[in-house]
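The numbering used here runs 34 ahead of the 1-based position in the sequence shown.
A quick write-up on the structure given underneath.
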Amino acid sequence: MNASPSPESVTTVDFWFDPVCPWTWLTSRWMLEVTKARPVEVSWHVMSLSVLNENRLDELPERIRTLMGEAWAPVRVLTAARLTHGEQVLEPLYTALGTRYHLQQRPKDRATLEDALREAGLPVDLADAGDTDRYDEELRASHRRGITLVGEDVGSPIIAVPGSEAGSEPTAFFGPVVNPTPKGEDAARLWDGVLTVASMPNFYELKRTRTGGPDFS
Numbered sequence: 035m036n037a038s039p040s041p042e043s044v045t046t047v048d049f050w051f052d053p054v055c056p057w058t059w060l061t062s063r064w065m066l067e068v069t070k071a072r073p074v075e076v077s078w079h080v081m082s083l084s085v086l087n088e089n090r091l092d093e094l095p096e097r098i099r100t101l102m103g104e105a106w107a108p109v110r111v112l113t114a115a116r117l118t119h120g121e122q123v124l125e126p127l128y129t130a131l132g133t134r135y136h137l138q139q140r141p142k143d144r145a146t147l148e149d150a151l152r153e154a155g156l157p158v159d160l161a162d163a164g165d166t167d168r169y170d171e172e173l174r175a176s177h178r179r180g181i182t183l184v185g186e187d188v189g190s191p192i193i194a195v196p197g198s199e200a201g202s203e204p205t206a207f208f209g210p211v212v213n214p215t216p217k218g219e220d221a222a223r224l225w226d227g228v229l230t231v232a233s234m235p236n237f238y239e240l241k242r243t244r245t246g247g248p249d250f251s
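Okay, structure coming up:
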């Protein structure tokens with residue numbers, strides 16, 4: 035593991051997530067592993083697969099349409115929590131939600147939201163935000179900031195790192211999709227490789243077929 039970096043050397047990485055996506059959960063846990071081995075600090079942002087897919091629901095399988103309906107409440111609650119309690123609550127609330135959705139296979143209902151809010155030390159009445167569009171303007175703005183950097187034909191997560199030159203636009207990419215989450219030095223080596231390919235302006239895509247469902251072990 036690298037020696038503890040000075041504050042000036044820490045790179046802030048922006049990470050957009052939708053909490054209902056299992057593949058995003060795996061990538062987010064990888065990102066936390068990276069912070070243990072590289073001078074990286076993650077700034078968390080909410081995006082929404084419901085927003086991304088709202089104009090093409092008829093094209094989606096029934097189970098995905100159902101998920102898109104369930105996915106509104108969590109991102110609304112996360113947005114409300116950020117606006118009322120600060121940016122720092124996003125990661126613990128996301129971790130609490132993701133643990134319940136993906137590891138415990140809990141339903142995406144109000145009871146699960148309230149339980150996650152309690153774990154994150156937040157008022158349970160923030161769950162009310164899930165049933166209203168009060169925070170949708172800010173939710174859509176956060177989503178748009180990520181999508182604008184990387185393009186419409188992607189999903190969650192989106193990661194953005196500082197551009198190679200001072201004052202340049204951030205370099206953003208979708209993914210990486212990892213399964214299971216790399217740990218330790220494997221996580222760090224993957225991060226180094228991702229940064230290498232992301233820094234090349236004419237590099238767009240590298241992909242292979244997934245051979246199984248998400249592995250949360």
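From the three backbone atoms N, C-alpha and C, an ideal C-beta is built for every residue, glycine too.
Note that the structure is a prediction, hence the values are computed from the model and not measured.
Query, Result
"In angstroms, rounded to a whole number, what distance separates the CA positions of Ser214 and Ala221?", "It is Pro, not Ser, that sits at residue 214 in the sequence shown. Taking the straight line joining both Cα atoms gives about 11 angstroms."
"Using alpha carbons as the reference points, say which of Thr69, Arg152, Val85, Tyr238 lies closest to Glu104.", "Val85"
"Determine the DSSP secondary structure at Val74, reduced to helix, strand or coil.", "strand"
"Excluding five sequence neighbours on each side, which residues of the same chain lie with their C-beta closer than 7 angstroms to the C-beta of Trp57?", "Val211, Pro248"
"Is it buried or exposed for Pro95, if we count other Cβ within 10 angstroms and need 16 for buried?", "exposed"
"With 16 other CB atoms within 10 Å as the buried threshold, where does Phe207 fall?", "buried"
"Using a Cβ-Cβ distance cut-off of 9 angstroms, determine whether Tyr135 contacts chain C.", "Of the protein chains in the structure, only one exists, and it is not chain C."
"How many angstroms separate the CA atom of Arg116 from the CA atom of Thr243?", "36 angstroms"
"Taking Gly197 as the reference, which of Phe51, Lys70, Met234 has the closest Cα?", "Met234"
"Would you say the region 150-166 touches the region 72-79, given that touching needs at least three Cβ pairs under 8 angstroms?", "no"
"Quick one: any contact between the region 144-162 and the region 110-127, if contact means 3 or more CB pairs under 8 angstroms?", "yes"
"Would you give the residue range spanned by the alpha helix (DSSP H) that Ala163 belongs to?", "Looking at the DSSP string, Ala163 is not in any alpha helix (DSSP H), and its letter there is neither H nor E."
"Which runs of the beta strand (DSSP E) spanning at least 3 residues fall entirely within the region 169-228, listed in chain order?", "192-195, 205-208"
"Buried or exposed, going by whether 16 or more other CB atoms sit within 10 Å of the CB of Thr294?", "Nothing about residue 294 can be reported from this structure: the residues present for the chain run from 35 to 251 only."
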